[in-house]
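Residues in the sequence shown are numbered consecutively from 157, following the numbering used here. In what follows, a single structure is set out as structure tokens and then discussed.
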Amino acid sequence: MGVLALKLWHLLVMVAPRRDGAAPPDSWQAHFDALQAGGLRNLDFNRALTKIVLPVLLNLATSLAVPYVVTRAVLPLLHLPASVLGYVNLYSYQVYHGAYLAWLGGRRLHALAVQLHNAIRDDRYLVGRQLNNFELQQQQQQEQEHRDHQQQQQREQEQEAQQLLEQEEI
157 MGVLALKLWH LLVMVAPRRD GAAPPDSWQA HFDALQAGGL RNLDFNRALT
207 KIVLPVLLNL ATSLAVPYVV TRAVLPLLHL PASVLGYVNL YSYQVYHGAY
257 LAWLGGRRLH ALAVQLHNAI RDDRYLVGRQ LNNFELQQQQ QQEQEHRDHQ
307 QQQQREQEQE AQQLLEQEEI
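What follows is the structure in structure tokens.
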């Protein structure tokens, strides 16, 4: 059963569409590609364990262990009645996984809100990637004009000095 599940999972991961023809370096597709490229004889067990097997096992162990530890070790310390402990044991996994899914949904909703905020800000204040700040542009333009004026005056002074030197030579 485990080999069948791994083959199915591998198929689903590898069939998923890739952006720009290449998988991001820390994606499942990149890890599976690296394992396939090595072949069975050159299988990198360390990479297979750390990048593919352990993340799945740790998530499964966490989803089983947290509700078990809470219901079997923590709640009996509260001296709750046996009927309450029975209901807690019965529904702890569903409550834990429901809370976990709500947390994941909240994280995703927060990320979408931040993305929407950034998109609105960029549409309002940015043109491409350059900030559209007219006061700053006007100040920079004035500074440039001032520098140009100073350079022009310096050139004129140099020309006058050169003319004086030429008159003295004559």
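Idealized CB from N, CA, C, for every residue including glycine. Please read all numbers here as calculations on a predicted model, not as lab measurements.
- Where Ala-172 is concerned, there is no enclosing alpha helix (DSSP H), because DSSP gives it neither an H nor an E.
- Taking one beta carbon from each stretch, the region 224-238 and the region 197-216 have fewer than 3 pairs nearer than 8 Å; the two do not touch.
- DSSP places Asn-198 in no alpha helix (DSSP H); its state is neither H nor E.
- Around the beta-carbon of Pro-237, fewer than 16 other beta-carbon atoms lie within 10 Å, marking it exposed.
- DSSP places Ser-248 inside the alpha helix (DSSP H), whose first and last residues are 238-281.
- With contacts defined by Cβ atoms closer than 7 Å, Val-169 and Gln-185 form a contacting pair.
- If you look at Pro-211, you'll find it in the alpha helix (DSSP H) that goes 210-225.
- Collapsing the DSSP output to three states places His-235 in coil.
- In this structure, the straight-line span from the alpha carbon of His-187 to that of Ile-208 is close to 7 Å.
- The alpha-carbon of Leu-257 is positioned some 12 Å away from that of Ser-219.
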